[in-house]
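Note sheet for the following structure.
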Amino acid sequence: MATSTYQISAPEPFDCSKSEEWPRWIRRFERFRTASGLAEKSKESQVNTLIYSMRDVADDIVSSLKLTNEQLKEYKTVKEKFDRYFTKKNTIYVWAEFNTRYQEEGEPVEAFITDLHKLAA
């Protein structure tokens, strides 16, 4: 029985200035990690691939996280630190954005409600 092999492309580089995109991007990276076989490689290789996939700014962010050399070799630890770094929310801003959101003229109710749910999340 023949086995088929295929190559899978890494996700597009993460734009660190758009932290709201982090959850979507990291989910895509996790799928890439599994599908490409990266999850079977060393944890250090996984960390390096994650940081490389995020581009140059990620190196600066990692430096600011003050991780030990051992922590830098643990994929789970580095990912959790990035999760916390990119998911900080300014509660006052988020509530102000939610409270000032009105349905635009001609905007479908479904689109308005969907947007409210996104703002509330």
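According to my numbering, the sequence shown holds residues -12 to 108 in order.
Glycine residues also receive a C-beta, built at the ideal position from the N, C-alpha and C atoms.
- Distance from the Cα of D46 is smallest, within the candidate group F69, V96 and H104, for F69.
- Residue environment: L103 is assigned as exposed (fewer than 16 neighbouring CB atoms within 10 Å of its CB, all protein chains considered).
- The C-alpha of C3 lies about 19 Å from the C-alpha of K63.
- In the DSSP assignment, I(-5) falls outside any alpha helix (DSSP H) and carries neither an H nor an E.
- Between the alpha carbons of K30 and V65 lies a distance of about 10 Å.
- Residue range K30 to M41 is occupied by the alpha helix (DSSP H) that includes Q33.
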